[in-house]
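Residue numbers (the working numbering): 21 to 251. A virtual CB, placed ideally from N, CA and C, is assigned to each residue, including glycine.
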Amino acid sequence: MAGVLVALVGATSVEAAPSAPNRTQRTPTLPPRAVTLPSASQAHSAPQTVALAPLSAAQKNAFVASVNALRASVGAAAMPQLAWDENLATYAAGVAKSCSVEHSPAEARKNIPGWVGTYVGENVAAATVTGLTLGDATNTTKVSAMFDQGLGMWWAEKAHYDLAANTCKPGQVCGHYTQLVWSTSTKIGCAVALCTPQKTFNAPGFTLACELGAGGNTFGQRPYTASSPAP
Numbered sequence: 021m022a023g024v025l026v027a028l029v030g031a032t033s034v035e036a037a038p039s040a041p042n043r044t045q046r047t048p049t050l051p052p053r054a055v056t057l058p059s060a061s062q063a064h065s066a067p068q069t070v071a072l073a074p075l076s077a078a079q080k081n082a083f084v085a086s087v088n089a090l091r092a093s094v095g096a097a098a099m100p101q102l103a104w105d106e107n108l109a110t111y112a113a114g115v116a117k118s119c120s121v122e123h124s125p126a127e128a129r130k131n132i133p134g135w136v137g138t139y140v141g142e143n144v145a146a147a148t149v150t151g152l153t154l155g156d157a158t159n160t161t162k163v164s165a166m167f168d169q170g171l172g173m174w175w176a177e178k179a180h181y182d183l184a185a186n187t188c189k190p191g192q193v194c195g196h197y198t199q200l201v202w203s204t205s206t207k208i209g210c211a212v213a214l215c216t217p218q219k220t221f222n223a224p225g226f227t228l229a230c231e232l233g234a235g236g237n238t239f240g241q242r243p244y245t246a247s248s249p250a251p
């Protein structure tokens, strides 16, 4: 199932990854306005040049802090803070450099060093901004904005998810959000690549990939247990 393309402010367009089979389905937020996707032949026709963004410790820490602040906001009985994991980040780099919003194979994610035999969750998003060049991979402002946009899209799925019923609204999917708040996930590693072109748009764009261990979205399970209401 293809993701839904949405346009944000200015000349930016973003797309979340398609849903993963046999897991809670995933979708980006409803679009403020629709954007026409290129055809499959257009999206894969041009030769690619890829630059991986060199993330600083400050960028990594800022993103992890943003995710942890959101995780802490849901009112879970127990919600451990995520910590950065370089093995997960290294794997995420390969996913980001694919310049696609398709998920990597689930079995491959069970063979990440340090996580062998453990399912690892994955969130992917992409964005294109008018005027991007390969050199923007080192533009910390634009790379940080990609983190913010991807996280914002994934988190916005919260509006579609009912924790009590453990269901997603009909026609929506919620797995990016539920993976972010999966209470048994304790590590995260992410990467951003600048792709010319990004396959989704057939235009220069960023691809963001985040791996979370241990992975969530286990069928029939809630991402967390809500804290008991005050007496």
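Sequence-distant residues of the same chain with beta carbon closer than 6 Å to residue i, five excluded per side
| i | result |
| --- | --- |
| Ala157 | Ala71, Ala73, Leu214 |
| Gly240 | none |
| Gly235 | Tyr139, Val140, Gly141 |
| Gly134 | Asn107 |
| Asp105 | Lys207, Gly209 |
| Gln101 | Asn88 |
CA-to-CA distance, residue j to residue i, given in whole angstroms
| i | j | result |
| --- | --- | --- |
| Thr216 | Thr245 | 43 Å |
| Thr138 | His180 | 28 Å |
| Val140 | Gly151 | 35 Å |
| Lys207 | Asn88 | 11 Å |
| Ser118 | Leu232 | 18 Å |
| Ser164 | Ala145 | 14 Å |
| Glu177 | Gln199 | 11 Å |
| Tyr197 | Trp174 | 5 Å |
| Asn186 | Arg242 | 6 Å |
| Ala97 | Ser248 | 7 Å |
| Ala223 | Thr153 | 10 Å |
| Cys230 | Thr160 | 18 Å |
| Gly195 | Asn237 | 7 Å |
| Gly172 | Ser86 | 10 Å |
| Ala126 | Val136 | 12 Å |
| Gly209 | Arg129 | 13 Å |
| Ser124 | Ala184 | 30 Å |
| Thr110 | Leu228 | 13 Å |
| Val121 | Ala112 | 12 Å |
| Ala211 | Lys162 | 14 Å |
| Val149 | Asn143 | 20 Å |
Same chain, Cβ closer than 8 Å to residue i, neighbours up to 5 away in sequence not counted
| i | result |
| --- | --- |
| Met99 | Arg91, Ala92, Val201, Ser203, Tyr244 |
| Ser76 | Thr160 |
| Ala103 | Val84, Thr206, Lys207, Ile208 |
Assigned exposure category for residue i - 16 Cβ within 10 Å defines buried
| i | result |
| --- | --- |
| Phe167 | buried |
| Asn131 | exposed |
| Gly95 | exposed |
| Asp182 | exposed |
| Val115 | buried |
| Thr220 | buried |
| Gln218 | buried |
Residues bridged to residue i (per DSSP)
| i | result |
| --- | --- |
| Lys207 | Ala103, Gly233 |
| Phe239 | Answer is none; Phe239 lacks a bridge partner. |
| Tyr181 | Cys188 |
| Thr216 | Thr69 |
| Glu142 | Glu231 |
| Gly95 | In DSSP, Gly95 forms no bridge with anything. |
| Phe226 | Ala147, Leu214 |
| Cys119 | According to DSSP, Cys119 bridges with nothing at all. |
| Ala246 | Ala96 |
Sequence-distant residues of the same chain with beta carbon closer than 7 Å to residue i, five excluded per side
| i | result |
| --- | --- |
| Thr69 | Leu154, Thr216 |
Does the segment 188 to 195 come close enough to the segment 76 to 89 that 3 or more CB-CB pairs lie under 8 Å?
-> no
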